[in-house]
Amino acid sequence: MSTKDFIEKDFYKVLGVPKDATEAEIKKAYRKLAREFHPDANKGNAKAEERFKEISEANDILGDPKKRKEYDEARALFGNGGFRPGPGAGGGSFNFDLGDLFGGGAPGGAGSGPGAGGFGGGIGDVFGGLFNRGGGTTRAQPRRGQDIDTEVTLSFTEAVDGATVPLRMTSQSPCKACSGTGDKNGTPRVCPTCVGTGQVARGSGGGFSLTDPCPDCKGRGLIAEHACLVCSGSGRAKSSRTMQVRIPAGVAHDQRIRLRGKGAPGERGGPAGDLYVTVHVDAHPVFGRREDNLTVTVPVTFVEAALGGEVRVPTLSGPPVTLKLPPGTPNGRTMRARGKGAVRKDGTRGDLLVTVEVSVPTELTGKARDALEAYREATADEDPRAELFEAAKGA
Numbered sequence: 008m009s010t011k012d013f014i015e016k017d018f019y020k021v022l023g024v025p026k027d028a029t030e031a032e033i034k035k036a037y038r039k040l041a042r043e044f045h046p047d048a049n050k051g052n053a054k055a056e057e058r059f060k061e062i063s064e065a066n067d068i069l070g071d072p073k074k075r076k077e078y079d080e081a082r083a084l085f086g087n088g089g090f091r092p093g094p095g096a097g098g099g100s101f102n103f104d105l106g107d108l109f110g111g112g113a114p115g116g117a118g119s120g121p122g123a124g125g126f127g128g129g130i131g132d133v134f135g136g137l138f139n140r141g142g143g144t145t146r147a148q149p150r151r152g153q154d155i156d157t158e159v160t161l162s163f164t165e166a167v168d169g170a171t172v173p174l175r176m177t178s179q180s181p182c183k184a185c186s187g188t189g190d191k192n193g194t195p196r197v198c199p200t201c202v203g204t205g206q207v208a209r210g211s212g213g214g215f216s217l218t219d220p221c222p223d224c225k226g227r228g229l230i231a232e233h234a235c236l237v238c239s240g241s242g243r244a245k246s247s248r249t250m251q252v253r254i255p256a257g258v259a260h261d262q263r264i265r266l267r268g269k270g271a272p273g274e275r276g277g278p279a280g281d282l283y284v285t286v287h288v289d290a291h292p293v294f295g296r297r298e299d300n301l302t303v304t305v306p307v308t309f310v311e312a313a314l315g316g317e318v319r320v321p322t323l324s325g326p327p328v329t330l331k332l333p334p335g336t337p338n339g340r341t342m343r344a345r346g347k348g349a350v351r352k353d354g355t356r357g358d359l360l361v362t363v364e365v366s367v368p369t370e371l372t373g374k375a376r377d378a379l380e381a382y383r384e385a386t387a388d389e390d391p392r393a394e395l396f397e398a399a400k401g402a
């Protein structure tokens with residue numbers, strides 16, 4: 008089915024359904040008509056066979072939501088044999104022949120000259136391959152550069168505060184010997200198979216087609232008559248470069264960062280690819296991390312935990328902070344030092360989460376032992392496990 012037929016045929020009329028018909032209504036109408044005009048039920052009836060083809064063609068378009076949407080949009084633009092711009096487009100409505108639009112008008116005719124309302128090169132030039140029919144261009148198209156993947160290892164502090172690191176990358180870039188043309192004389196020809204687009208159509212039924220990289224030019228759109236000895240006609244060669252890359256503050260371990268336009272250069276004016284950096288973060292001997300917060304475990308004495316006091320806590324990149332320890336602080340309690348954590352995306356900082364760990368001495372002096380013995384006698388009537396046993400009995 009041609010693009011012109013695609014636009015001009017009223018598939019809704021073929022199936023006898025309204026334009027707002029549901030998928031179920033379309034399916035029901037198709038099945039009814041298919042049974043009526045099926046060739047097996049109308050042997051030797053050429054008209055019935057032709058009608059069956061029209062019904063199948065209409066169902067192929069309207070029965071597929073994506074194809075139906077494209078069909079409706081195309082009909083809205085170019086249906087009924089002409090294009091009608093809205094108000095303000097030069098003083099009113101005007102029509103032009105679809106024959107001119109699709110390149111079917113006679114040369115020099117009323118709709119073929121400049122300023123005559125036609126589009127010259129036909130629908131391929133108007134839509135640039137909207138229907139995947141290859142277009143009318145014969146110029147090799149720009150080609151986007153390849154994406155590059157690399158890795159970097161940062162210290163814990165660099166990951167929290169951000170860092171600029173040098174990265175040496177090897178990628179495919181335009182061959183310098185042939186200026187990226189693939190031809191040693193610098194004069195490649197446009198691939199006749201894909202006419203420079205780098206793609207070829209593959210039919211999928213229903214008047215539509217899919218595209219694949221051209222097998223003859225490998226998707227480049229150009230063919231080298233005299234292959235470059237350096238790149239063997241590919242137009243691409245390996246190149247190494249070192250660039251300074253800024254790793255944002257607050258990056259997490261194994262996080263993958265995308266840097267737009269920092270990949271391999273494009274061809275024929277095409278954009279560069281992207282650079283993907285996987286960041287590995289070394290562990291810190293003191294600090295840990297929990298999302299935007301840093302963590303640290305601080306040992307305290309039994310006396311500090313029991314009687315309370317002030318405890319100095321180290322921070323990652325700044326001076327120590329002092330936290331007030333309430334009397335009777337249990338082992339494992341976590342306190343918070345606000346604004347001393349990792350950098351967030353908005354530039355603010357998370358918190359430092361300080362976990363208290365009561366330190367039990369392994370050696371005691373005589374005076375310290377005597378003091379603890381006196382404390383044991385003073386608290387002999389207290390049993391911290393009494394509630395535990397009571398709860399166990401109740402279970």
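This note's numbering numbers the first residue of the sequence shown as 8 and each following residue consecutively. Idealized CB from N, CA, C, for every residue including glycine.
query: Rounding to the nearest angstrom, what Cα-Cα distance links Gly-295 and His-260 in this structure?; result: 12 Å
query: In the DSSP output, which residue or residues are listed as bridge partners for Gln-206?; result: Pro-220
query: With a 10 Å radius around its C-beta and 16 neighbouring C-beta atoms as the bar for buried, classify Lys-269 as buried or exposed.; result: buried
query: Where do the ends of the beta strand (DSSP E) carrying Glu-364 lie?; result: 359–365
query: For Ala-344, collect the residues of the same chain with a Cβ closer than 7 Å to its Cβ; drop the 5 residues on either side in sequence, then sort them by chain order.; result: Val-320, Val-328, Leu-330, Asp-358, Leu-359, Val-361
query: Looking at Arg-150: is its Cβ nearer than 7 Å to the Cβ of Glu-61?; result: no
query: Put Ala-231 into one of helix, strand or coil per three-state DSSP.; result: coil
query: What separation, rounded to the nearest whole angstrom, lies between the Cα atoms of Leu-174 and Glu-158?; result: 9 Å
query: Let me confirm a value: Ser-180 is counted as buried when at least 16 other C-beta atoms fall within 10 Å, else exposed. Which label applies?; result: buried
query: Measuring straight from C-alpha to C-alpha, what distance separates Val-300 and Gln-262?; result: Before going further, note that residue 300 is Asn rather than Val in the sequence given. Taking the straight line joining both Cα atoms gives about 17 Å.
query: Would you report the Cα separation of Pro-337 and Glu-165, rounded to the nearest angstrom?; result: 34 Å
query: Can you give me the Cβ contacts of Lys-16 inside the same chain, cut-off strictly under 7 Å, excluding the 5 residues immediately before and after it?; result: none
query: Between which two residues does the alpha helix (DSSP H) containing Asn-192 stretch?; result: Taken as a continuous stretch (DSSP letters only), Asn-192 belongs to no alpha helix (DSSP H), as it is neither H nor E.
query: Beta-carbon within less than 7 Å of Asn-192's beta-carbon, same chain only, minus the 5 sequence neighbours each way: which residues are those?; result: His-233
query: Leaving out five residues before and five after Ile-68 in sequence, what residues of the same chain have Cβ atoms less than 7 Å from its Cβ?; result: Phe-18, Lys-74, Arg-75, Tyr-78, Gly-213
query: Expressed to the nearest angstrom, what Euclidean distance is found between the alpha-carbon atoms of Ile-254 and Gly-346?; result: 21 Å
query: Out of Leu-323, Ala-312, Gly-242, which has the shortest C-alpha to C-alpha gap to Thr-194?; result: Gly-242
query: What whole-angstrom Cβ distance do Ala-65 and Leu-22 have, given they're in contact under 8 Å?; result: 5 Å
query: Alpha carbon to alpha carbon, how far is His-45 from Ala-53? Give it in angstroms, no decimals.; result: 11 Å
query: Cutting at 6 Å between CB atoms, please list the residues of its own chain near Glu-397, excluding the five before and the five after it.; result: none
query: Reducing DSSP to helix, strand and coil, say where Ser-180 ends up.; result: strand
query: Count the other C-beta atoms from every protein chain shown that fall within 10 angstroms of the C-beta of Leu-332, then say buried if there are 16 or more, exposed otherwise.; result: buried
query: What residue from Pro-199, Arg-196, Pro-220, Arg-383 has the CA that sits closest to Val-207's CA?; result: Pro-220
query: Rounding to the nearest angstrom, what Cα-Cα distance links Glu-364 and Val-307 in this structure?; result: 6 Å
query: Report the CB separation of Leu-266 from Val-288 in whole angstroms; it is logged as a contact under 8 Å.; result: Actually they do not touch by this definition, with Cβ atoms about 18 Å apart.
query: If we call anything under 7 Å between Cβ atoms a contact, is Gly-203 one with Gly-240?; result: no
query: Fully enclosed by the region 306–333, which beta strand (DSSP E) runs are 3 residues long or longer?; result: 316–320, 328–332
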